[in-house]
Amino acid sequence: MIEIGSALGARLWSWIAPHWMTILAAIGAAGLITWLALGRAELQAFADRSCATAGAPYAAGPDACETRILALATYERDTQAATARALAAAAAERESKAAADARAAQANDAAARSAADTMEKEDAKIGPDGRVDGDWLAALNRAGGLRAPAR
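Residues in the sequence shown are numbered from 126 upward in steps of one, following my numbering.
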């Protein structure tokens with residue numbers, strides 16, 4: 126048996142030896158074809174999933190799918206641009222209101238200081254009898270934040 130196996134092995138080796146490069150190329154080609162087939166199947170599955178997600182099945186045709194995907198991309202881009210504009214307008218409005226509030230606060234602070242100063246001056250005018258006049262009452266009203274009556 127050993128001789129038969131050895132003879133068979135020798136005959137096989139004598140055939141493989143001159144053709145080893147051809148055999149290797151055939152194995153490589155088979156591997157490449159398998160890899161490409163698997164890659165195509167994965168690519169087809171990706172196209173099917175992408176087109177189905179976009180709302181235009183790939184079976185309807187690649188042009189319909191591509192058109193739908195481009196429309197969705199355009200919609201997303203336009204929506205993001207509109208959102209950015211809306212956010213920028215809101216930020217500008219908030220800044221404008223904050224600036225107006227700061228100006229109003231400064232004006233109110235100045236008016237309160239002026240009213241307090243006027244009240245101090247009117248207090249200094251009070252005589253020893255403790256009687257006050259209309260100017261003192263007007264100063265008190267201004268210090269309290271009340272407006273002078275219309276005349």
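We put the beta carbon where it would ideally sit given N, CA and C, even for glycine.
Remark: C-beta atoms of Met244 and Ala225 do not approach each other more closely than 8 Å.
Contact between the segment 162-182 and the segment 190-199 is present: 3 or more CB-CB pairs across the two stretches fall below 8 Å. Using a C-beta cut-off of 8 Å, the segment 212-231 makes no contact with the segment 247-267, since fewer than three inter-stretch Cβ pairs fall below that distance.
Look at Asp258 here: in three-state DSSP terms it is coil, with no helix or strand label. In the DSSP assignment, Pro182 falls outside any alpha helix (DSSP H) and carries neither an H nor an E. Taking C-beta separations shorter than 8 Å and ignoring five residues to either side along the sequence, Asp188 has no partners in its chain. In this structure, the CA atom of Thr204 is about 12 Å from the CA atom of Leu212. Annotation for Pro253: no alpha helix (DSSP H) segment contains it, and DSSP assigns it neither H nor E.
Residue state for Ala275 is assigned as coil, using DSSP reduced to three classes. DSSP places Gly270 in the coil class of the three-state scheme, outside both helix and strand. Around the CB of Glu247, 16 or more other CB atoms lie within 10 Å, so the residue is classed as buried. Only exposed fits Ala154, as fewer than 16 other CB atoms lie within 10 angstroms of its CB.
Separation of Ala215 and Ala229 (C-alpha to C-alpha, rounded to the nearest whole angstrom) is 21 Å.
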